[in-house]
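S.K.: Protein chains in written order, with our numbering: chain A, 108 to 325; chain B, 108 to 325; chain C, 108 to 325; chain D, 108 to 325. Ideal placement from N, C-alpha and C gives every residue a C-beta, glycine not left out. The model shown is predicted, which means the values in this text are computed figures rather than measured ones.
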DNA sequence: CATGAATGAGCTTTCATTCAT
DNA sequence: GATGAATGAAAGCTCATTCAT
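1. With a threshold of 7 angstroms on Cβ separation, who are the neighbours of residue 239 of chain D within its own chain once the five nearest residues in sequence on each side are excluded?
2. Any C-beta of chain D sitting closer than 8 angstroms to the C-beta of residue 264 of chain C?
3. Going along chain D in order, which residues have a C-beta closer than 9 angstroms to the C-beta of residue 132 of chain C?
4. For residue 207 of chain B and chain A, any beta-carbon pair shorter than 8 angstroms?
5. Considering Cα atoms alone, identify which of D:132, D:249, D:270, D:266 is closest to residue 148 of chain D.
6. Hey, could you find the ends of the alpha helix (DSSP H) residue 127 of chain A is sitting in?
7. Using a Cβ-Cβ distance cut-off of 8 angstroms, determine whether residue 175 of chain B contacts chain A.
8. Of all the CB atoms in chain D, is at least one closer than 8 angstroms to the CB of residue 192 of chain C?
9. Rounded to the nearest angstrom, what separates residue 302 of chain C and residue 177 of chain C at their Cα positions?
10. Relative to the C-alpha of residue 252 of chain A, which candidate in A:237, A:190, A:217, A:312 has its C-alpha closest?
11. Do we get a CB-CB distance below 8 angstroms when we pair residue 304 of chain A with the residues of chain B?
12. Does the distance from the C-beta atom of residue 202 of chain B to that of residue 127 of chain B stay below 8 angstroms?
13. Measure the C-alpha to C-alpha separation of residue 120 of chain C and residue 154 of chain C and round it to an integer number of angstroms.
14. Taking 8 angstroms as the threshold (C-beta atoms), are residue 209 of chain D and residue 283 of chain D in contact?
15. Where does the unbroken alpha helix (DSSP H) through residue 156 of chain B begin, and where does it stop?
16. Output needed in chain order: residues of the stretch 119–147 of chain A with a Cβ under 8 angstroms from some Cβ in chain B.
17. Identify whether residue 324 of chain C lies in helix, strand or coil by the three-state DSSP scheme.
18. In this structure, does DSSP put residue 189 of chain A in helix, strand or coil?
19. Might you give, ordered along the chain, the residues of its own chain that have their beta carbon closer than 8 angstroms to the beta carbon of residue 254 of chain C, omitting 5 neighbours on each side?
20. Give me the chain C residues within the contact set of residue 224 of chain D, using Cβ-Cβ distance strictly less than 8 angstroms, ordered along the chain.
21. Kindly list the residues whose CB is nearer than 8 angstroms to the CB of residue 129 of chain C, restricted to its own chain and excluding five residues on each side of it in sequence; keep chain order.
22. Residue ranges of each alpha helix (DSSP H) run of no fewer than 4 residues wholly in the stretch 206–244 of chain C, ordered along the chain?
23. Roughly how many angstroms separate the alpha carbons of residue 256 of chain B and residue 193 of chain B, rounded to a whole number?
24. Helix, strand or coil: which one does DSSP assign to residue 110 of chain B?
25. Just checking: is the beta-carbon of residue 286 of chain A within a distance shorter than 8 angstroms of some beta-carbon in chain B?
26. How would you list, in chain order, the residues of chain B whose beta-carbon sits under 8 angstroms from the beta-carbon of residue 203 of chain A?
27. I'd like the span of the alpha helix (DSSP H) that includes residue 266 of chain D, first residue to last.
28. Closer than 7 angstroms by C-beta to residue 181 of chain D: which residues in its own chain qualify, once you throw out the five before and the five after it? Chain order, please.
29. Residue 164 of chain B: buried (16+ other C-beta within 10 angstroms of its C-beta) or exposed?
30. Between residue 179 of chain B and residue 166 of chain D, what straight-line distance do the alpha-carbon atoms span, to the nearest angstrom?
31. So which residues of chain C does residue 282 of chain D contact, with C-beta pairs closer than 8 angstroms?
32. DSSP three-state call for residue 162 of chain D: helix, strand or coil?
33. Leaving out five residues before and five after residue 280 of chain D in sequence, what residues of the same chain have Cβ atoms less than 8 angstroms from its Cβ?
34. Compare the C-beta of residue 170 of chain B with all C-beta atoms of chain A and state if any pair is closer than 8 angstroms.
35. Report all residues from its chain with a CB closer than 7 angstroms to the CB of residue 145 of chain C; omit the five preceding and five following residues, and keep chain order.
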């Protein structure tokens, strides 16, 4: 937990620090992220940093929590209409909102995804131990609900499928960044194309694991 | 590229070094992998290491190439029957063979997957720049073929879908290791269960993106 | 020398600061004593501290002086009866009073003894240079007097013997603390035992360096 | 324990390092001793230091052990004639030999005495825990023996008296250095005077705690 | 006069890489 | 070719002291 001093800082400075740190962790991952580089980036003294945070880990935990909260907040509007949507529409909205969030906050996304992809890293277990629930948990939950409601086949392993779905979600974001970079596309235009792509993805999810499936014979 | 001296080494010693290095990169990722630990593990002198390899990066490139080749070789038998299988059967075989390979070579798999998951890492671009094609490329290729043959819908973005498929592949392996760990299952019994899971995954891929799809109405 | 501001402080606050500082120096010695910990302990601001004292050294000098004065004050009653006592009785009273003082003020004692034992430390010479006379000086003085009065042999080096006596004094206190700790003795009971020990010590001092000594032939 | 590398060093270099380190610890004590200063003093690279020793503590333990052994070795000849000497002669020889050792090895002595005087320091307990016996133990042992043999009164607390004696021993060395410094005496001449001083000290010890004592009435 | 944030030199330690034998 | 000691830049972190309000 950051120290009092950090919270007492003027908003602008605090955001500057947070921003610098996020972009550092986004670019280098946990281990190679350098406190020295962070303080240089945001123009504070090394000593000041340690008046704001206990240590590197403290900063990282703070950021991960914050980032996770921000993401949850971004998905909140969708989650609130949870009752009205069927499973696939819900997933679709989550994917779309996730992509929009990623487009708005690429650094945050990169940082978050690093952790998602480095579950073998010691820091991951510490964070999970501290009680942060990952985005993946959301999917497990709503998937189980969907099975109960008969919207999804009951012969699947929900653990496996939700694991797959969150992978797909992260993968889609990754693809989005990668493709945008390569094609140097105008973001606006490009994003529209992305919506179709997501729709397609959802479509194939649905017809794959949905209950309807008259044509699901192998 | 390793130096001449490395290739002049007796097979056994070379394999010892490779094995030690792989398990190091598997356990710690690129950054935290330690040359010191590697040379200790395989009992060679620090100086010798630098007579075999230019530097850490050189070793890593070599291993990644080698590992990638090994994986390709493992999937070769399947790929050779490429003509006989339809797309989904082919994918199924690839997934299964991939899982078997992972079970036989967990270290190699971990090391490979680290790279797959750290595409943002500086080292990734260097490797791609050097010209290593990833496993993902396989999927793009056969997917495009499948579209041509009418086995897969032609309204999909092959780049995106193949990206998704390779994510699913890696994700499945990850899930496999994770679940096996948690359940401390007997490997034999456990693996059988995994086949069903893969079948399910393929099934949902097929009925999702296959052309048949009478029941694919949204 | 503390600044004006320090002396303008309300008594209670001043004492609080002094107490916190003493216990800090007692526990950690000069080098490892932390200004931060001191100000936290007594609840003043870091900046305030530097409005009271020039720096860490200034505080330390002040405390050493103060502590030394307090000790002198504690021994004053004994010293005033100096004329009535013979040397050994005087020493005995000083040792006893010193032990009592130590028992009442363990922190002060620890702090003082640290300095006594770290005469090689840069800070020691600075303090002596500034003109603080140590407790040892007392012994030199009264020892010389005793020689004059014929109570102590005149073939001794008074410098050396007084040095030895003050060492014994500090050593006795150290032993007292140590033994009390180990035996977890009730302070009351334990202290009584200590009186005998002191008596013994004095006895051996006396018959060692006293003039009487018919039996002193080697 | 130092690493292999250290023991493989040429004697001269090893001694250079040991010397630099000892003089550093002698001058600054454990906490303030600086690895940077040590490596600069003996002209090795910072990294080299850590190929010789695990860390600062490792170096310190090594030195303390070494220094302690050297001192024991210096006193060995005396201790071997233990049977032939009576207690006071033995003590006298030990004191004298100790002084000579101190005169020959002032740095070593300073370093050793720092530890002796800082028994409250965390490092002390660690060292004792590791099993290094202090010089004080010698005195306890031979004192108890002397009591058994009837050379020393049996109404004393051996723990306390041996504690006092070792204090006197250290104190004498301290006095020796101090006085020599102040008087800038020629070492040769000065040392001779010191012998008399020691004789005197032993004399007063003997007639104090010896059994003979017809004249020990208070 | 009180406050507490800001500072930066200094610390111990690590590690890929080079060098000398 | 093999060895392993030597190197030094850079890391995370501490803390007495100064500064701005």
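M.R.: Taking the structure as given:
1. In the fourth chain, residue 239 of chain D corresponds to position 132, counting from 1. Within the same chain, residue 239 of chain D has close Cβ partners 171, 172, 175.
2. Taking the first residue of the third chain as 1, we reach residue 264 of chain C at position 157. Residue 264 of chain C counts as touching chain D.
3. What you label residue 132 of chain C is simply residue 25 of the third chain in a count that begins at 1. For residue 132 of chain C, no chain D residue has a C-beta closer than 9 angstroms to its own C-beta; the minimum C-beta separation is roughly 12 angstroms.
4. The residue labelled residue 207 of chain B in the question sits at position 100 within the second chain. No, residue 207 of chain B lies away from the interface with chain A (no Cβ there is under 8 angstroms from its Cβ).
5. Taking the first residue of the fourth chain as 1, we reach residue 148 of chain D at position 41. Ranking D:132, D:249, D:270, D:266 by Cα distance to residue 148 of chain D puts D:132 first.
6. Translated into the one-based positions of the first chain, residue 127 of chain A becomes position 20. Unbroken alpha helix (DSSP H) run through residue 127 of chain A: 118–139.
7. Numbered from 1 along the second chain, position 68 holds the residue referred to as residue 175 of chain B. Interface annotation, residue 175 of chain B: not in contact with chain A, CB-CB separation never under 8 angstroms.
8. For the purposes of this step, residue 192 of chain C is taken as the residue at position 85 of the third chain. So no, residue 192 of chain C is outside the interface.
9. Taking the third chain and counting its residues from 1, one reaches residue 302 of chain C at position 195. Taking the third chain and counting its residues from 1, one reaches residue 177 of chain C at position 70. If you take the alpha carbons of residue 302 of chain C and residue 177 of chain C, they lie about 23 angstroms apart.
10. Start at 1 with the first residue of the first chain, and residue 252 of chain A comes out as number 145. Among A:237, A:190, A:217, A:312, the Cα nearest to that of residue 252 of chain A is on A:190.
11. Here residue 304 of chain A refers to the residue found at position 197 of the first chain. At a cut-off of 8 angstroms between beta carbons, residue 304 of chain A contacts chain B.
12. Mapped onto the second chain, residue 202 of chain B falls at position 95. Mapped onto the second chain, residue 127 of chain B falls at position 20. The answer is no: Cβ separation not under 8 angstroms.
13. Along the third chain, read from residue 1 onward, the residue named residue 120 of chain C stands at position 13. Along the third chain, read from residue 1 onward, the residue named residue 154 of chain C stands at position 47. Taking the Cα positions, residue 120 of chain C is about 15 angstroms away from residue 154 of chain C.
14. Looking up residue 283 of chain D in the fourth chain gives position 176. Looking up residue 209 of chain D in the fourth chain gives position 102. Result yes, Cβ atoms of residue 283 of chain D and residue 209 of chain D sit closer than 8 angstroms.
15. For the purposes of this step, residue 156 of chain B is taken as the residue at position 49 of the second chain. In the DSSP assignment, residue 156 of chain B falls within the alpha helix (DSSP H) that extends over 153–159.
16. 133, 134, 136, 138, 139
17. Start at 1 with the first residue of the third chain, and residue 324 of chain C comes out as number 217. A caution first: residue 324 of chain C carries a pLDDT of 38, below 50, which makes its placement in the model unreliable, though a value can still be read off. In the structure shown, residue 324 of chain C sits in coil (DSSP, three-state: anything other than H, G, I, E or B).
18. Numbered from 1 along the first chain, position 82 holds the residue referred to as residue 189 of chain A. Look at residue 189 of chain A here: in three-state DSSP terms it is coil, with no helix or strand label.
19. For the purposes of this step, residue 254 of chain C is taken as the residue at position 147 of the third chain. Same-chain partners within the cutoff: 260, 261, 263, 265.
20. On the fourth chain, residue 224 of chain D is found 117 positions in, with the first residue counted as 1. Within chain C, the residues near residue 224 of chain D are 224, 225.
21. Against the third chain, residue 129 of chain C aligns to sequence position 22. Hits under 8 angstroms: 170, 174, 214, 215, 218.
22. 213–224, 229–237
23. Residue 256 of chain B sits at position 149 when you count from the first residue of the second chain. Residue 193 of chain B sits at position 86 when you count from the first residue of the second chain. The straight-line gap from Cα to Cα measures roughly 9 angstroms.
24. Here residue 110 of chain B is taken as the residue at index 3 of the second chain, counted from 1. Three-state DSSP puts residue 110 of chain B in coil, outside helix and strand.
25. Taking the first chain and counting its residues from 1, the one referred to as residue 286 of chain A is at position 179. At least one chain B Cβ lies under 8 angstroms of residue 286 of chain A.
26. One-based indexing of the first chain puts residue 203 of chain A at position 96. None at all; the shortest Cβ gap to chain B is about 15 angstroms.
27. To locate residue 266 of chain D, count along the fourth chain from 1; it is residue 159. Looking at the DSSP string, the run of the alpha helix (DSSP H) that includes residue 266 of chain D is 265–290.
28. Counting from 1 along the fourth chain, the entry for residue 181 of chain D is found at position 74. Closer than 7 angstroms at the Cβ level, and outside the excluded window around residue 181 of chain D, lie 204, 208.
29. Indexing the second chain from 1 puts residue 164 of chain B at position 57. So residue 164 of chain B ends up on the exposed side.
30. Working through the second chain from its first residue, we reach residue 179 of chain B at position 72. Working through the fourth chain from its first residue, we reach residue 166 of chain D at position 59. Roughly 52 angstroms separates the two Cα atoms.
31. The residue labelled residue 282 of chain D in the question sits at position 175 within the fourth chain. Within chain C, the residues near residue 282 of chain D are 266, 267, 270, 271.
32. In the fourth chain, the residue the question calls residue 162 of chain D occupies position 55. Residue 162 of chain D: coil per DSSP, three-state reduction.
33. The residue given as residue 280 of chain D occupies position 173 in the fourth chain. Result list for residue 280 of chain D: 205, 206, 209, 216, 220, in chain order.
34. The sequence position of residue 170 of chain B within the second chain is 63, counting from 1. Chain A contact via Cβ: absent.
35. Within the third chain, residue 145 of chain C is the residue found at index 38, counting from 1. Counting only Cβ-Cβ distances below 7 angstroms, and skipping sequence neighbours, we find 127, 128, 131.
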